[in-house]
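Residue numbers (the numbering used here): 269 to 512.
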């Protein structure tokens, strides 16, 4: 069964095509319209998708919604959506759909063990699911670019630095000192969170995702599984759960 998972974020939209559990095609676009989606589908697939799930943080595109609801079995993630994990968060109405989807995918990949998923994007987001499939919450801290902007905005002379790879902890000028402090500081933060969760969950599985994950590959002391499209995978898990 061919399905589509759509994650409409603040700046980009990600589209994943799934054959059951398997991601078979991925697209990232600035704006998704009905015509754009039809074009992608017709270009890469001879068979028509059967169901679509959508997570959206922006204003609704009426044309896209009309096309999805009239063409496919259509699910939009929302407060009344059924999930393959149990939401034990105290304010579920404030919980982002992307966090729920990432947690659902992580728990599925952990095969019933506790799961921690870390998303490195605008913010660093930690989401934890226990061994019983209860989503308990997590943590949110500033992301890479947010930290770089904060150093520039809240100081008199520090420049605004673009992210790039660094090989050493020792900054030899202002730019590399900022990059070392931010990137290595984030690395130590992530390792510290993992260590803390592992003290109470020895068999914890840890997953890393997000657009900035590439700056941290190989830096963590802990074992982490990189899953670049974990939100799309989680949306597909939610779709399949609702299709039962």
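A virtual CB, placed ideally from N, CA and C, is assigned to each residue, including glycine.
Since the model is a prediction, treat every value here as computed from it, not as a measurement.
Are the CB atoms of residue 388 and residue 476 within a distance shorter than 8 Å?
yes
Take every Cβ of the stretch 494-510, pair it with every Cβ of the stretch 462-478, and state whether three or more of those distances are shorter than 8 Å.
yes
Runs of beta strand (DSSP E) lying entirely within the stretch 463-500, each at least 3 residues, in chain order:
473-477
Let me know the secondary structure DSSP gives residue 328 once reduced to three states.
coil
Evaluate the contact criterion for the stretch 271-285 versus the stretch 312-332: three or more CB pairs, one atom per stretch, below 8 Å.
yes
Please identify the residue among 348, 484, 356, 304 whose C-alpha is closest to the C-alpha of residue 434.
The candidate whose alpha carbon is nearest that of residue 434 is 484.
Is there contact between the stretch 451-463 and the stretch 356-365, where contact requires at least three CB pairs shorter than 8 Å?
Short answer: they don't touch.
Extent of the continuous alpha helix (DSSP H) run through residue 349
Neither: residue 349 is in no alpha helix (DSSP H) and is coded neither H nor E.
Below 7 Å, is the gap between the Cβ of residue 331 and the nearest heavy atom of the ligand GTP?
Within the structure as shown, the ligand GTP is missing, as the structure has no ligands at all.
In terms of residues, what are the limits of the beta strand (DSSP E) holding residue 387?
383-388
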